[in-house]
Amino acid sequence: YQTFEGDLKWDHNDITYRIINYSPDMESSLIDDAFARAFKVWRDVTPLTFTRLFEGTADIMISFGKADHGDPYPFDGKDGLLAHAYPPGEGVQGDAHFDDDEYWTLGKGPAVKTRYGNADGAMCHFPFNFEGKSYTTCTTDGRSDNLPWCATTADFDKDKKYGFCPSELLYTFGGNADGAKCVFPFIFLGKEYDSCTTDGRSDEYRWCATTDNFDKDIKYGFCPSRDTAVIGGNSEGEPCHFPFVFLGETYDACTSEGRGDGKLWCSTTDNYDDDKKWGFCPDKGYSLFLVAAHEFGHALGLDHSNIRDALMYPMYSYVEKFSLHKDDIEGIQFLYGSGTGPGPTPPQPETTTPYIDPEETVTTKEPQTTVPTTTTTTRPVDPTKDACNVAEFDAITMIEGELHFFKAGLYWKKSSRNAGVVSGPFPISERWPALPAVIDTAFEDLLTKKLYFFSGTRFWVYTGKSVLGPRSIEKLGLPNNIQKIEGAVQRGNGKVLLFSGENVWRLNVKDQNIDQGYPRFTDVMFGGVPNDSHDVFLYKGHIYFCRDRFYWRMNSRKQIDRVGYVKYDVLNC
Amino acid sequence: WSHPLKSTFVTFPSDLVRNISDSQLAENYLKKFGYLQTEHRSGFQSMVSTNKALKRMQRQMGLEETGVLDKATLDVMKQPRCGVPDVAN
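So the protein sequences, as listed, match chains S and Z.
Taking the working numbering, the leading residue of the first sequence gets 80, the next gets one more, and so forth.
Taking the working numbering, the leading residue of the second sequence gets 2, the next gets one more, and so forth.
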């Protein structure tokens, strides 16, 4: 980690922040929540507290802006620079700016929180089925009022759960109209407008009047982006128009033609050549939470780290199950020390939601509910409970077709189905009550399905819920000078290789004895693997030799065909 | 088999990202993130050499330190990132 020159830091621990404006890409409560969670990342490991202010000057002023946004460091359109923040201090120092030419999401595509409907403000579920058709975006199908909606479960036809998607026909944000919906047409400087416009603004944000005459009433708000809207370009917020003509060719889908950067774009009118109206097509977007957590690191005094996995590494990469890297923790604790005692109450997002008369906007007969107030969910991150945070497992082995990871009384399971989702942790004592907390190695006898667990110089055999042991490993014919068995690999025909130190023994499970000719040196039997592996296991036909965070993978022809990280390649962190 | 498409690059209105050469992109990147900064020593200004700046950038990003603008380095330069410079000014 690095700190800024002079170790710039706040001289108080009760840090305040204020969200100056919002992005049209996400519902404001989702943005509030992303920022609150990003602060919590740092709060969890320091004595710092973060309090949200709704007016006045806060230590950390947070804003969205595009290109030239009022400081000497302009943003650069979509992609490239995502955000920046200043180290602690007065004025602009400590502030965080986010490029609103980016598509801000939770990192996995449109994050669409619904309003009204009957799903209590749940997120849209994409894809969803409606009348036999699958939808991957919000739709106005099935409605006569042109309001986009989505199902909040996979099957609307079955569950009938739905809500309305962001639309200027439902609400606005910011401005001075308390979130009222747009009124179309409206008059602005004597001209009539039928849709949101950027006219009259230099920041490219789309707005509308919330009465029929802006010139008279001066009431306005900003238009939320629909999930189908283009990003950036010169038509932000407009939908793609398919087909469209570009350089005389007709296109029915987004294209990267005409661009050197390979980004997908579309025209928002039927003819780009005539109208020159365009924007980038929606993609997965950038996780506002992850980028904010990084920027708040700067705002608290951390400079860029050169450790790729650290939050303070300068490049963006999406991680689903985020946990703060050791390097980030050491950095922030160098500045502020570590936290003690229970955490304070997390900051709450703004909970006011404008009331809309259901009769006025909704023509469906579905039950109507107003959106409930939202509370920020800030589950504490317990680093010991996250398998991705375990530097070195006690043991890894296949049991009943699932890869099991053991560490200090807990275990996680990686299913061979469900795209290899890792579940857990589960207490070892609940499933195998006779076992100690530390398991050095384990294996499942493929013939009898008995489970063998080793810890130190003892072993246990589980058959279902019944257990034999502990017994001394000497009973298996192993020498009495062995401290522990570090790995086990099934070889078929009731044979299992047991690894300890530089040696390997072959156990005849049926006879409960070591075969003649053993021990042998591991590096003689398996050339090219570390001599001091702390764990050896069989997984999908390969033998994995683990040392530190890494593994060496050997195929059936005894070739090392891969060396990688347990965390990324095996656990899919 | 169809003829390969002949791509024509277009300058899109209000697009902040222009079609620039790789070397231009690299120079902009190195300058923007502090690798190619001007050093002030007793009123004398000098630029760190591009080769040296590239090596510094490659080290920061965990790339092989070749000092040459290779594909891996260019790929990293095109990735989304934070706007705060890597080298303090």
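Think of the CB as a built atom: it goes at the ideal place given N, C-alpha and C, for glycine as much as any other residue.
Determine the DSSP secondary structure at residue i, reduced to helix, strand or coil.
i: Phe243 (chain S); result: strand
i: Met105 (chain S); result: coil
i: Asp16 (chain Z); result: coil
i: Pro437 (chain S); result: Any answer about Pro437 (chain S) is weak, because its pLDDT of 31 lies below 50 and its placement is not dependable; what the coordinates show is given next. It is helical.
i: Leu576 (chain S); result: strand
i: Ala521 (chain S); result: strand
i: Thr184 (chain S); result: strand
i: Ile94 (chain S); result: strand
i: Gly499 (chain S); result: helix
i: Cys467 (chain S); result: helix
i: Arg632 (chain S); result: strand
i: Glu22 (chain S); result: No statement about residue 22 (chain S) is possible, as the shown extent of chain S runs from 80 to 652 and does not include it.
i: Leu75 (chain Z); result: helix
i: Ala54 (chain Z); result: helix
i: Tyr80 (chain S); result: coil
i: Lys374 (chain S); result: For clarity, residue 374 (chain S) is Glu in the given sequence; the question names Lys instead. Reduced to three states, the DSSP call for Glu374 (chain S) is helix.
i: Gln59 (chain Z); result: helix
i: Asp590 (chain S); result: coil
i: Tyr618 (chain S); result: strand
i: Ala332 (chain S); result: coil
i: Ala137 (chain S); result: coil
i: Phe114 (chain S); result: helix
i: Phe624 (chain S); result: strand
i: Ile478 (chain S); result: strand
i: Phe293 (chain S); result: helix
i: Phe368 (chain S); result: helix
i: Leu87 (chain S); result: coil
Note the first and the last residue of the continuous alpha helix (DSSP H) segment covering residue i.
i: Arg305 (chain S); result: That residue, Arg305 (chain S), is in no alpha helix (DSSP H); it is neither H nor E in DSSP.
i: Ile411 (chain S); result: 405–415
i: Glu509 (chain S); result: 507–510
i: Met394 (chain S); result: It is not in any alpha helix (DSSP H) - Met394 (chain S) carries neither H nor E in the DSSP assignment.
i: Glu481 (chain S); result: Unbroken run through Glu481 (chain S) is the beta strand (DSSP E), 481–486; no alpha helix (DSSP H).
i: Lys32 (chain Z); result: 23–33
How would you label residue i, buried or exposed, when you count the other beta carbons within 10 angstroms and need 16 or more for buried?
i: Asp406 (chain S); result: buried
i: Leu586 (chain S); result: buried
i: Ile99 (chain S); result: exposed
i: Arg641 (chain S); result: exposed
i: Ala332 (chain S); result: exposed
i: Asp436 (chain S); result: Caution applies to Asp436 (chain S), whose pLDDT of 32 falls short of 50 and renders its modelled position unreliable; the value that the coordinates give is listed next. With fewer than 16 other Cβ atoms within 10 Å, it is exposed.
i: Leu414 (chain S); result: buried
i: Tyr623 (chain S); result: buried
i: Arg636 (chain S); result: exposed
i: Arg628 (chain S); result: exposed
i: Ser24 (chain Z); result: exposed
i: Phe10 (chain Z); result: exposed
i: Pro504 (chain S); result: buried
i: Lys619 (chain S); result: exposed
i: Lys298 (chain S); result: buried
i: Ser50 (chain Z); result: exposed
i: Lys270 (chain S); result: exposed
i: Ser314 (chain S); result: buried
i: Gln569 (chain S); result: buried
i: Pro14 (chain Z); result: exposed
i: Ser508 (chain S); result: exposed
i: Thr329 (chain S); result: exposed
Shortest alpha-carbon distance to residue i belongs to which of the options?
i: His377 (chain S); options: S:Leu109, S:Arg628, S:Gly173; result: S:Gly173
i: Asp234 (chain S); options: S:Phe207, S:Ile139, S:Ser502; result: S:Phe207
i: Tyr647 (chain S); options: S:Leu482, S:Cys467, S:Glu84; result: S:Cys467
i: Arg57 (chain Z); options: S:Asp594, S:Asn560, S:Asn385, S:Lys544; result: S:Asn385
i: Asp180 (chain S); options: S:Asp282, S:Thr231, S:Asp220; result: S:Asp282
i: Gln80 (chain Z); options: S:Met394, S:Thr542, S:Phe605, S:Gly488; result: S:Met394
How far does the beta strand (DSSP E) with residue i in it extend, from its first residue to its last?
i: Val124 (chain S); result: First-last for Val124 (chain S): undefined, no H or E at that position.
i: Thr601 (chain S); result: Here Thr601 (chain S) belongs to no beta strand (DSSP E); instead the alpha helix (DSSP H) covers 601–604.
i: Asp179 (chain S); result: Taken as a continuous stretch (DSSP letters only), Asp179 (chain S) belongs to no beta strand (DSSP E), as it is neither H nor E.
i: Asp238 (chain S); result: Element bounds for Asp238 (chain S): not the beta strand (DSSP E) but the alpha helix (DSSP H), 235–238.
i: Phe252 (chain S); result: Per DSSP, Phe252 (chain S) belongs to no beta strand (DSSP E) and is neither H nor E.
i: Tyr644 (chain S); result: 639–644
i: Tyr214 (chain S); result: 212–214
**Message:** Against chain Z, which members of the segment 382–399 of chain S pass a CB distance test of less than 8 Å?
**Reply:** Residues of the segment 382–399 of chain S that bring their beta carbon within less than 8 Å of a beta carbon in chain Z comprise Asp382, His383, Asn385, Arg387, Pro393, Met394, Tyr395, in sequence order.
**Prompt:** If you measure beta-carbon to beta-carbon, which residues of the segment 342–373 of chain S are closer than 8 Å to chain Z?
**Reply:** Trp344, Lys355, Trp357, Tyr365, Val370, His373
**Request:** Residues of the segment 62–82 of chain Z with a CB closer than 8 Å to any CB of chain S: list them in chain order, please.
**Result:** Met62, Gly63, Val77, Lys79, Gln80, Pro81, Arg82
**Message:** Using a Cβ-Cβ cutoff of 9 Å, what residues of the segment 113–133 of chain S are near chain Z? List them in chain order.
**Reply:** Those would be none; no residue qualifies.
**Request:** Using a Cβ-Cβ cut-off of less than 7 Å, list which residues of the segment 161–173 of chain S approach chain Z; keep chain order.
**Result:** Those would be Leu161, Ala162, His163, Ala164, in chain order.
**Prompt:** Of all the residues that make up the segment 9–41 of chain Z, which are near chain S by a beta-carbon distance shorter than 7 Å?
**Reply:** Cβ contacts with chain S: Thr9, Phe10, Val11, Phe13, Pro14, Ser15, Asp16, Leu17, Val18, Asn20.
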